[in-house]
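**Q** The structure under discussion is supplied below as structure tokens; questions concerning it will follow.
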């Protein structure tokens with residue numbers, strides 16, 4: 328307050344920071360911006376420091392713990408870059424983004440129970456946690472998962488995978504006669520899955536029965552074998568004129 332206007336102006340012209348706390352905040356924000364540009368998110372790992380030794384993880388923690396006292400301008404600036412205020416929210420968002428990447432690669436959300444990403448993220452266990460919390464999680468999370476085609480029931484997931492594998496088998500082989508012990512390249516026991524559908528027909532939902540019927544699934548394997556034999560005999564009779 329005792330500096331002359333001229334001195335204040337000259338200091339302002341060169342970007343002098345009057346409040347050291349403001350300087351620290353701006354440094355943290357800029358480091359977070361750089362982190363976001365590299366990683367495409369603001370999920371800073373615990374204990375993370377920048378190359379120049381700035382503790383960005385601590386800065387992020389401080390923003391969360393002092394949110395109620397932050398200025399509206401700072402809150403707005405953080406919101407604009409996708410800052411995650413709750414650490415538990417941050418953990419959830421990381422899992423959701425990993426699921427998103429998995430779906431983009433595989434075309435579905437059928438993540439194996441023990442699956443880990445190339446970065447060692449335990450996506451399989453994260454999926455299991457979401458299923459357990461289905462009834463208590465926020466509605467917006469359920470809606471985002473539903474929009475991805477997330478399967479809440481693991482038994483339904485297994486059925487959907489089996490149905491998809493059966494369709495692919497039929498497209499390749501031209502029939503549904505899957506050997507009892509047949510497994511796909513990914514290790515899915517398709518032969519066993521097919522064998523399980525037949526005795527469970529009476530307990531399957533009408534929708535599942537209809538979907539299997541629509542692709543020509545054979546419920547009675549012995550009937551199918553007889554029909555195949557009869558068809559071949561008929562072709563023989565047409566060629567040779569006798570049986």
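Numbering (the working numbering), first residue to last: 328 to 570. Glycine included, each C-beta is placed from N, C-alpha and C at the ideal position. Predicted model only: the values in this text are computed from it and were never measured.
1) Run through DSSP, which three-state label would residue 465 get?
2) From 444, 463, 517 and 360, pick the residue whose C-alpha is nearest to that of residue 491; which is it?
3) What are the start and end residues of each continuous alpha helix (DSSP H) run of 4 or more residues lying completely inside the region 493-558, in chain order?
4) Report the residue from 502, 527, 495 and 412 whose alpha carbon sits nearest the alpha carbon of residue 512.
5) Looking at C-alpha atoms only, which residue of 417, 423 and 475 is the closest neighbour of residue 434?
6) Confirm, please, whether the CB-CB distance from residue 420 to residue 383 is below 9 Å.
7) Cutting at 8 Å between CB atoms, please list the residues of its own chain near residue 528, excluding the five before and the five after it.
8) Could you check if residue 341 is buried or exposed, using at least 16 other CB atoms within 10 Å of its CB as the buried criterion?
9) Could you tell me the distance, in whole angstroms, from the CA atom of residue 430 to the CA atom of residue 500?
10) Count the other CB atoms within 10 Å of the CB of residue 488; is the residue buried (16 or more) or exposed (fewer)?
11) Any chance you could list the alpha helix (DSSP H) runs of at least 4 consecutive residues sitting entirely within the region 369-407, in chain order?
12) Just the Cα atoms here: how many angstroms apart are residue 408 and residue 360?
13) To the nearest whole angstrom, what separates the beta carbons of residue 471 and residue 423, a pair I think is in contact under 8 Å?
14) Using the Cβ count rule (16 or more neighbours within 10 Å means buried), how would you classify residue 425?
15) Using 10 angstroms around the beta-carbon of residue 413, count the other beta-carbons present and answer buried if the total reaches 16, otherwise exposed.
16) Name the residue from 553, 482 and 550 whose alpha carbon lies nearest to the alpha carbon of residue 520.
17) Using only the alpha-carbon positions, how far apart do residue 333 and residue 399 sit?
18) Suppose you measure from the CA of residue 366 to the CA of residue 445; what does that come to, to the nearest Å?
19) In whole angstroms, what separates the C-alpha of residue 477 from that of residue 508?
**A** The relevant details are as follows:
1) coil
2) 517
3) 517-524 and 533-541
4) 495
5) 475
6) no
7) 536 and 546
8) exposed
9) 27 Å
10) buried
11) 383-392 and 399-407
12) 8 Å
13) 7 Å
14) buried
15) exposed
16) 482
17) 31 Å
18) 16 Å
19) 29 Å
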